[in-house]
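Data block below; observations after.
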Amino acid sequence: MLLTDIEFHEANTLKEASEWMGQYAPNARLMAGGTDLLVDLKTGRYGTSHVVSLNRIAALRGLATTNGSLRIGALTTPSQLWASTTIWERFPAILDAVRDMAVPQIRNMATVGGNIAGAVPSGDLPPILVVLNASVILWSSSGEREVPLEDFFVGPRQTVRKHEEILTEIRLPYPPPRFGAAYAPFALREANGCALAAVAASLRLDEKGIIRDARICLGAVAPIPKLAKTAMAALVGKVAGSAAFHQAEEEATKSSQPISDIRGSADYRRKLIGILTRRALESARQRALGGLQ
Ligand SMILES: Cc1cc2nc3c(=O)[nH]c(=O)nc-3n(C[C@H](O)[C@H](O)[C@H](O)COP(=O)(O)OP(=O)(O)OC[C@H]3O[C@@H](n4cnc5c(N)ncnc54)[C@H](O)[C@@H]3O)c2cc1C
183 MLLTDIEFHE ANTLKEASEW MGQYAPNARL MAGGTDLLVD LKTGRYGTSH
233 VVSLNRIAAL RGLATTNGSL RIGALTTPSQ LWASTTIWER FPAILDAVRD
283 MAVPQIRNMA TVGGNIAGAV PSGDLPPILV VLNASVILWS SSGEREVPLE
333 DFFVGPRQTV RKHEEILTEI RLPYPPPRFG AAYAPFALRE ANGCALAAVA
383 ASLRLDEKGI IRDARICLGA VAPIPKLAKT AMAALVGKVA GSAAFHQAEE
433 EATKSSQPIS DIRGSADYRR KLIGILTRRA LESARQRALG GLQ
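Quick note on my numbering: the sequence shown kicks off at 183 and runs consecutively.
Dropping the structure here:
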């Protein structure tokens, strides 16, 4: 389908973008890389008469450190995450999500903000960012607010973001000692495949290898990236090893709410969740012990 009758606005500032979104509401959509939005407009998933591009707002690009946290600008691309020494040194689990995401052309165009704000249930970055305790900053002319990422999603392609709010950055606290995280996705092909199921996990261990904190987030098997809270609770106080991981695997599977579709059945996805939970927990354990890059 050809795109017709859309007015394209290139904002130079956040204020301009937010005001245009307000002025043309509800018939306006923000655009970052456009890799999801343009597909959705062309296939008719959404109709809109105004597109407000954020691409000229340079302040939304790149990574910076402030007060013990990493700030990722919303327009940062997956390729830029891959090229960041901070990500390699402090947040290697993010590389698990970026490594096989789409294809190089998409990794150069797509943005972290778009991956989150689009709220597609199979998006690769939300689950790992949730277990890393990320929050997002939402900006509008009337003010700025910080929302924990785990509270941001409300349904497929639906979030708590108001129409004229712009997701400006993602904040990630630096991990404490003996902390490890990992992301284990499964798609029908190694690259450029939408995840059928995915599990992100993080562990904080004490000196004796006992789990003091655990987070598990399921991707592509629920309407939103879903924290598997019973599985998380089952891990705390246990030795980080196969007995504890086996119990978590069962609890995580029970927490999933998969659907059957053209890519796989709900039963197949449920089985995957168990396997991926074990994989993610084992990699998180190795990273917490300093043994896996
Ligand atoms: C061939 C192909 C392969 C893909 N493979 C993968 C994959 O393997 N894994 C994966 O996770 N995704 C994949 N995607 C989906 C897509 O590339 C990502 O979700 C991407 O990160 C979206 O970012 P974007 O900047 O292009 O978003 P856009 O398309 O610009 O926007 C997406 C949505 O977010 C909103 N939005 C964007 N930025 C902001 C902001 N700063 N504030 C508020 N709202 C905003 C837009 O209004 C829109 O609703 C693929 C897409 C294609 C076309």
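We put the beta carbon where it would ideally sit given N, CA and C, even for glycine.
Check: A292 Cβ short of 7 Å to ligand 1 heavy atom set; Outcome: yes
Check: Cutoff 7 Å; reference E332; Cβ partners in own chain excluding five residues on either side; Outcome: V312 and L409
Check: R460 in three-state terms, based on DSSP; Outcome: helix
Check: Supposed contact pair G362 and A466 - C-beta distance, whole angstroms, cut 8 Å; Outcome: 4 Å
Check: Span of the alpha helix (DSSP H), counted from its first residue to its last, around A422; Outcome: Run containing A422: none; DSSP gives neither H nor E here.
Check: Given 8 Å, three or more beta-carbon pairs between the stretch 277 to 284 and the stretch 229 to 236; Outcome: no
Check: Own chain partners of W264 with C-beta closer than 6 Å, once the 5 adjacent residues on each side are dropped; Outcome: V280
Check: Collapsed DSSP secondary structure at F190 in the structure displayed; Outcome: strand
Check: Other residues of its chain near I276: CB distance less than 7 Å, five sequence neighbours each side excluded; Outcome: L263, I269 and I310
Check: Closer than 7 Å: G229 CB and nearest ligand 1 heavy atom; Outcome: no
Check: Length of the line joining the Cα atoms of P303 and I392; Outcome: 32 Å
Check: Option in T217, E189, S323 and I254 with minimal Cα separation from A199; Outcome: S323
Check: Range of the contiguous beta strand (DSSP E) that encloses V233; Outcome: H232 to S235
Check: Local Cβ density within 10 Å of F491, reported as buried at 16 or more and exposed below that; Outcome: This structure gives no information on residue 491, because the portion of the chain shown stretches from 183 to 475.
Check: Per DSSP, cross-strand counterpart(s) of L223; Outcome: DSSP lists no partner for L223.
Check: Validate contact between the stretch 376 to 388 and the stretch 243 to 259 using beta carbons, cut 8 Å, 3 pairs; Outcome: no
Check: Runs of beta strand (DSSP E) wholly within the stretch 245 to 322 (minimum 3 residues, chain order); Outcome: 245 to 248, 251 to 255 and 317 to 322
Check: Simplified DSSP state of F334, which is helix, strand or coil; Outcome: coil
Check: Coil, strand or helix - Y365 by DSSP; Outcome: strand
Check: Near ligand 1: I348 beta-carbon under 7 Å from a heavy atom; Outcome: yes
Check: Start and end residues, beta strand (DSSP E) containing G204; Outcome: Unbroken run through G204 is the alpha helix (DSSP H), L196 to Q205; no beta strand (DSSP E).
Check: Length of the line joining the Cα atoms of P355 and V329; Outcome: 14 Å
Check: Near ligand 1: D278 beta-carbon under 7 Å from a heavy atom; Outcome: no
Check: Where D449 sits in the DSSP three-state scheme; Outcome: helix
Check: Meets three-Cβ-pair contact criterion under 8 Å: the stretch 448 to 468 and the stretch 364 to 376; Outcome: yes
Check: First through last residue of the alpha helix (DSSP H) which encompasses A413; Outcome: K411 to L417
Check: DSSP state of K408 mapped onto helix, strand, coil; Outcome: strand
Check: Selection from A299, H345 and M414 that minimises the alpha carbon distance to A207; Outcome: H345
Check: Check: N194 C-beta below 7 Å from any heavy atom of ligand 1; Outcome: no
Check: Beta-carbon gap between M203 and A214 smaller than 8 Å; Outcome: no
Check: D395 - containing beta strand (DSSP E), residue span; Outcome: I393 to G401
Check: K436 versus D443, R451 and S442, residue with shortest Cα-Cα distance; Outcome: R451
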